[in-house]
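A quick write-up on the structure given underneath.
2 protein chains.
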Amino acid sequence: MSKQDPLILLTNDDGIHSKGLLALYQSLKEVARIAVVAPFAEQSAVGHAITISDPLRVTELSFNDSDAMYAVHGTPADCVKLAVRALLKEKPDAVLSGINIGSNTAINILYSGTVSAATEGTILGIPSAAISLASFSFNDFSVAAQIGKKIAGALLEKSLPPDTILNINVPPVHREDITGVCITRQGVSRFKELYDRRIDPHGHTYYWLTGEMRELDEHDPLTDTMALKNNAISITPIKIQLTDEPFIDIVQSWNISL
Amino acid sequence: MSKQDPLILLTNDDGIHSKGLLALYQSLKEVARIAVVAPFAEQSAVGHAITISDPLRVTELSFNDSDAMYAVHGTPADCVKLAVRALLKEKPDAVLSGINIGSNTAINILYSGTVSAATEGTILGIPSAAISLASFSFNDFSVAAQIGKKIAGALLEKSLPPDTILNINVPPVHREDITGVCITRQGVSRFKELYDRRIDPHGHTYYWLTGEMRELDEHDPLTDTMALKNNAISITPIKIQLTDEPFIDIVQSWNISL
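The listed protein sequences derive, respectively, from chains R and P. Under numbering that gives the first Met the number 0, think of the first position of the first sequence as 0, with each following residue one higher. Under numbering that gives the first Met the number 0, think of the first position of the second sequence as 0, with each following residue one higher.
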């Protein structure tokens, strides 16, 4: 790779030592220079948290001679902000976040640190995507790494709207069982949370969050969740403009005043 | 208040001892029973983080005889989830988050712990709103508390779509200088971040995040940011369905395959 090749910022929320990040690195380095700036430790479900009340610390690691690699003691969004604004000598041409271990579909998109890193890239004006493998145990990252490379190519060649992020989910099956690539919408789902209430050895109460997701739109074949169920790769364009435009007129009709 | 009166869950991200929360409590208790479940410590800019890898601890505090009050050692979203799923004996009829000290407009909505608490209420099927006072120093919470009561009334009487949250911002002026109530959209803005690089007494580098927000849509009079500039109260309906629907066809046309 030469200085003229595109620069991709690679990050994640599972931490810089994740196998998913390494797999995506190995795939992406065939098409671009890579700067890795990722959390020092796992940061799952941190949403779009950023660190403002504490100082951020950074450990520089060497991967090889040509690529930059930093572990940030912060969140995924911190990693992208700090990389672009302080650590890297040039602005990346794309941000890839992943490969996350576990899916980021439906309501989980709101909690996802993986997606928040890509969102931060978009906020900073860089074409960005998040890539997740929908399993905590499937060890074959090759399909996700391959589609990651394709997505990186699209980010570098095509044009994304300024507030749009690509969120990719890959089913946990081998390549021969992948049924295709679907462009989807965010599914509608809710968690049925259970807090497991326990007493510690000192007599104090604490709670563990557990629970399972329930889909509420199983009739809709074009959601991220349904694509995965059909063993298809899901690509969902999501955006950071959150206004519920059609509802503006209704709130207006309520005539709320002081 | 009797058992038949509505129950409002009150939370925030500034912490349970915030003056903003107290002001909203005093205003809301005129119209409803209140359960306060708020973070033990300040949780600004945590986004929609939830705690899944650590146990959650809760301190029960007594406010008065009739109302429940819990301090959660977690994030604003944790507070709402834990309140509804474990701490409260009945499901709240509305969730109010605030009064936040500082605005939550434009891009800040994505980082806001205050908004994430209201978002979690919506996710749990409860009409929810976030209320922020756009100043770190203005000490008169009366306008924000008053509009908070009106918003609570609307949440209890009107019907919100299942994925919509009301995000309210109040300008830091006294009542006589408020120019009105505007139903707005989320403004488009970006931070110009600066990381202040310092060396600690032990010779190690650390970074403080600083920076200022720049509006990118000053031509649009109907944004949250512009409403505040005009000394109007801003009410923005935002939603948790993030799909960029118009862009689906374009990504489709890219024909991405493995």
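Ideal Cβ placement from N, Cα and C applies to all residues, glycine included. All values reported here derive from a predicted model rather than from experimental measurement.
At a threshold of 7 Å, does residue 234(R) count as lining the ligand SAH (C-beta to nearest heavy atom)?
For the structure depicted, the ligand SAH is absent and the ligand set is empty, with no information on it obtainable.
- [ ] Kindly provide the ranges of any beta strand (DSSP E) runs that are 3 or more residues long and lie completely inside the segment 67 to 153 of chain P, ordered along the chain.
- [x] Segments of the beta strand (DSSP E) lying fully in the segment 67 to 153 of chain P: 67 to 71, 93 to 100 and 127 to 132.
### Task
Report the rounded CA-to-CA distance for residue 242(P) versus residue 109(R), giving the unit in angstroms.
So the alpha carbons of these two residues sit roughly 12 Å apart.
- Query: So which residues on chain P does residue 122(R) lean against when the C-beta distance must stay under 9 Å?
  - Reply: Against chain P, the beta carbon of residue 122(R) has neighbours under 9 Å at 106, 109, 189 and 190, listed in chain order.
Taking DSSP as the reference, what is the three-state secondary structure of residue 29(P)? DSSP places residue 29(P) in coil when its eight states are reduced to three.
| task | Look up residue 233(R) in the DSSP assignment and give the residues it is bridged to. | result | BP columns for residue 233(R) point to 168(R) and 181(R).
With DSSP as the reference, label residue 56(P) as helix, strand or coil.
-> In this structure, DSSP gives residue 56(P) a state outside helix and strand, which the three-state scheme calls coil.
Open item on the list: Between 148(R), 227(R), 22(R) and 154(R), which has its C-alpha nearest residue 176(R)'s C-alpha?
Closed with: Of the listed residues, the one whose Cα sits closest to residue 176(R) is 227(R).
In this structure, how does DSSP classify residue 156(P) when only helix, strand and coil are distinguished? Helix at residue 156(P).
- Query: Going by C-alpha distance, which of 198(P), 103(P) and 185(P) is nearest residue 170(P)?
  - Reply: Measuring from the Cα of residue 170(P), the nearest candidate turns out to be 103(P).
Check your understanding: Pick from 60(P), 52(P) and 235(P): whose alpha carbon is nearest that of residue 245(R)?
Key -> For residue 245(R), the closest C-alpha among the options 60(P), 52(P) and 235(P) is that of 235(P).
| said: Taking its Cβ as the centre, do 16 or more other Cβ atoms sit within 10 Å of residue 185(R), making it buried, or is it exposed? | reply: Around the beta carbon of residue 185(R), 16 or more other beta carbons sit within 10 angstroms, so the residue counts as buried.
**Asked** Could you check where the beta strand (DSSP E) with residue 211(R) kicks off and where it finishes?
**Response** Note, residue 211(R): beta strand (DSSP E), 204 to 214.
Name, going along the chain, the residues of the segment 22 to 56 of chain R whose beta-carbon falls closer than 8 Å to a beta-carbon of chain P. Along the segment 22 to 56 of chain R, going in chain order, the ones with a CB nearer than 8 Å to a CB of chain P are 41, 43, 44, 45, 46, 47, 48, 49, 50, 51, 52, 54, 55 and 56.
Apply the 10 Å Cβ neighbour rule to residue 61(R) and answer buried if 16 or more other Cβ atoms are within range, or exposed otherwise.
-> The C-beta of residue 61(R) has fewer than 16 other C-beta atoms within 10 Å across all chains shown, which makes the residue exposed.
So residue 257(P) is in the beta strand (DSSP E); what residue range does that whole segment cover? Element bounds for residue 257(P): n/a, residue is neither H nor E.
Note to self: Out of 179(P), 53(P) and 2(P), which one is the CA nearest neighbour of residue 230(P)?
What the structure shows: Comparing Cα positions, the closest option is 179(P).
So residue 187(P) and residue 105(P) are in contact, right, with Cβ under 8 Å, and what is the actual spacing, rounded?
Confirmed, Cβ separation roughly 7 Å.
Q) Among 238(P), 101(P) and 139(P), which residue has its Cα nearest to the Cα of residue 165(P)? A) In this structure, 238(P) is the residue among 238(P), 101(P) and 139(P) with its C-alpha nearest to the C-alpha of residue 165(P).
* To do: Name the residue from 218(R), 203(R), 128(R) and 143(R) whose alpha carbon lies nearest to the alpha carbon of residue 157(R).
  => The alpha carbon of residue 157(R) has as its nearest neighbour, out of 218(R), 203(R), 128(R) and 143(R), the alpha carbon of 128(R).
(Q) Counting only beta-carbon separations shorter than 8 Å, does residue 94(P) have a partner in chain R? (A) With 8 Å as the cut-off, residue 94(P) does not count as an interface residue toward chain R.
Rounded to the nearest angstrom, what separates residue 130(P) and residue 22(P) at their Cα positions? When only Cα atoms are considered, residue 130(P) and residue 22(P) end up about 12 Å apart.
Practice problem: Give, in chain order, every residue of the segment 223 to 243 of chain P whose Cβ lies closer than 8 Å to some Cβ of chain R. | Solution: Result list: 232, 234, 235, 236, 237, 238, 239, 240, 241, 242 and 243.
Using the Cβ count rule (16 or more neighbours within 10 Å means buried), how would you classify residue 91(R)? Burial of residue 91(R) is indicated by the presence of at least 16 other C-beta atoms within 10 angstroms of its C-beta.
For chain R, is any of its Cβ atoms less than 8 Å away from the one on residue 157(P)?
By this cut-off, residue 157(P) is an interface position.
* To do: Determine, using beta carbons only, whether residue 85(P) comes closer than 8 Å to chain R.
  => Cβ-Cβ to chain R under 8 Å: yes for residue 85(P).
Which chain R residues sit within Cβ distance under 7 Å of residue 251(P)?
By Cβ distance, chain R contributes 182.
Using the beta-carbon of each residue, which ones in chain R are nearer than 7 Å to residue 153(P)? By Cβ distance, chain R contributes 253 and 255.
Next item on the list: Could you spell out the range, first to last residue, of the alpha helix (DSSP H) harbouring residue 2(P)?
Entry: DSSP places residue 2(P) in no alpha helix (DSSP H); its state is neither H nor E.
task = Indicate whether the contact test is met: 3 or more Cβ pairs, each with one atom in the segment 47 to 55 of chain R and one in the segment 72 to 90 of chain R, closer than 8 Å.
result = Output reads yes: the segment 72 to 90 of chain R touches the segment 47 to 55 of chain R.
| said: Could you check whether the Cβ of residue 137(R) sits closer than 8 Å to any Cβ belonging to chain P? | reply: By this cut-off, residue 137(R) is not an interface position.
Same chain, Cβ closer than 7 Å to residue 215(P), neighbours up to 5 away in sequence not counted: 187, 188 and 189.
Nearest candidate by alpha-carbon position, reference residue 147(R), set 19(R), 195(R), 14(R) and 88(R):
From the listed residues 19(R), 195(R), 14(R) and 88(R), the smallest Cα separation to residue 147(R) is found for 19(R).
Residue 132(P) to residue 15(R), Cα distance in whole Å?
-> So the two alpha carbons sit approximately 38 Å from each other.
Would residue 208(R) pass as an interface residue toward chain P - the criterion being a Cβ-Cβ separation below 8 Å?
Output row for residue 208(R): interface = yes.
query: Once you ignore the five residues that flank residue 26(P) on each side, which residues in its own chain have a CB closer than 7 Å to its CB?
result: Cβ neighbours of residue 26(P) beyond the five flanking positions: 144, 145, 147 and 148.
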